[in-house]
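Each residue of the sequence shown is one higher than the one before, counting from 68 in my numbering.
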Amino acid sequence: MHFVVCIKQVPDKTDVKINPETNTLMREGVESIVNPFDTYAIEEAVRLKARVGGTVTAISMGPPQADAVLREAISMGVDAGILISDRAFAGSDTWATSYTLSQAIKKLGDVDLILCGKQASDGDTAQVGPGIATHLDLPQITYVRKIEEIEEGRIVAERLLESGYEVIESSLPCLLTVVKEINEPRLPSLKGKMAARKADILVWTAADLDCDPTKLGLDGSPTKVVTIFTPPPRGGGEILTGSADEVVPQLIERLKTLVVGNAS
């Protein structure tokens with residue numbers, strides 16, 4: 068079977084910068100990491116390869132330095148990495164991103180299963196995985212916590228719900244988004260790190276994909292960010308000290324003051 072895992076390089080949350088002109092994240096020159104949720108997708112793809120046989124291809128869309136996350140995926144057991152990189156993709160929203168990734172997956176040819184992390188830590192939209200499935204006209208199972216069965220043309224998975232889970236059967240090919248409950252990502256071995264260092268990362272540009280140029284990048288993104296701002300710091304709280312008998316009357320008076328103030 069051919070498994071494809073879509074991964075993303077995201078800014079380290081301690082070093083987030085915004086382009087004031089486009090209101091988009093500045094990624095070049097910013098310390099970045101592999102999206103934490105995607106490590107679970109990588110791990111599950113590698114486990115599936117060991118379980119039923121096949122190959123795993125990792126795909127990432129981003130600037131040239133995003134090849135680092137592909138090398139990390141290879142160090143964990145992925146067979147090959149493909150970087151989708153072009154200035155034409157800059158500023159893509161979730162719709163344009165999912166469209167571009169879907170075109171790359173089409174170029175790969177026969178694919179049995181696509182795996183994605185449930186969402187990216189920088190956007191938290193959880194839209195790209197389902198968007199890829201929509202563009203490819205494939206069935207999808209989101210928030211997967213366990214793959215119960217997988218065989219030629221068929222998969223059975225447990226999908227996490229707020230109040231439990233449901234078991235869903237789907238035909239293959241299909242797309243899964245996975246949650247952290249599905250596994251525990253492995254640490255790369257020394258052999259894996261050496262393989263990742265030597266690996267040739269294939270780079271595809273817009274010219275390599277059968278893309279509609281009007282659907283790429285910032286111009287092809289229907290989502291428009293009006294403004295981005297840093298929330299104001301929270302005001303300091305007041306701590307009442309003393310015994311319960313001493314503190315309760317003080318608390319009641321404070322609450323009365325707040326109620327009267329809000330009413331006026």
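We put the CB at the ideal spot given by N, CA and C, even for glycine.
Span separating the alpha-carbon of Lys174 from that of Leu254: 31 Å
Three CB pairs or more closer than 8 Å across the region 234 to 247 and the region 216 to 225: yes
In DSSP terms, what Lys323 is bridged to: Answer by DSSP bridge pairing: none, since Lys323 is not bridged.
At least 3 beta-carbon pairs within less than 8 Å: the region 99 to 117 vs the region 245 to 252: yes
DSSP-derived helix/strand/coil call for Leu168: helix
CB-CB length for Val195 against Ala125, believed under 8 Å: No, Val195 and Ala125 are not in contact; Cβ-Cβ is about 15 Å, not under 8 Å.
Of the listed residues Ala133, Val145, Ile149 and Leu182, nearest to Ile268 (C-alpha basis): Ile149
Lys185 - DSSP class collapsed to helix/strand/coil: coil
Residue span of the alpha helix (DSSP H) that contains Ala200, given as start and end: Val195 to Leu203
Whole-angstrom distance between Gly121 and His69, CA atom to CA atom: 6 Å
Buried versus exposed, by CB contacts within 10 Å (16 or more), Asp79: exposed
Exposure label - Ile306; buried when at least 16 CB within 10 Å: exposed
Same chain only: Cβ atoms within 6 Å of Arg212, ignoring 5 sequence neighbours per side: Glu225, Leu227, Val246, Glu248 and Ile249
Nearest-angstrom Cα separation, counted from Gln186 out to Thr192: 6 Å
Classification of Gly231 by the beta-carbon crowding that lies within 10 angstroms, buried from 16 upward: exposed
Presumed contact (8 Å Cβ cut-off) between Lys208 and Cys241, rounded CB distance: Reading off the sequence, residue 208 comes out as Ile, not Lys. Going by Cβ atoms, the distance from Ile208 to Cys241 rounds to 7 Å, so yes, they are a contact pair.
Alpha helix (DSSP H) runs wholly inside the region 200 to 280, at least 4 long, in chain order: 257 to 265
With 16 other Cβ atoms within 10 Å as the buried cut-off, status of Thr324: exposed
Nearest residue (CA-CA) to Thr294, options Pro252, Glu215 and Glu88: Glu88
Exposure of Thr164, with buried meaning 16 or more beta-carbon neighbours within 10 Å: buried
Secondary structure of Leu150, DSSP reduced to three states: strand
Straight-line gap, Trp162 to Lys260 (C-alpha atoms, nearest Å): 33 Å
C-alpha gap between Phe156 and Thr308, whole angstroms: 57 Å
Simplified DSSP assignment, three categories, for Ile100: strand
Length of the line joining the Cα atoms of Ala311 and Glu320: 14 Å
Ser256 to Ile141 span [Cα, whole Å]: 11 Å
Where Leu285 sits in the DSSP three-state scheme: coil
Same chain only: Cβ atoms within 8 Å of Leu318, ignoring 5 sequence neighbours per side: Leu307
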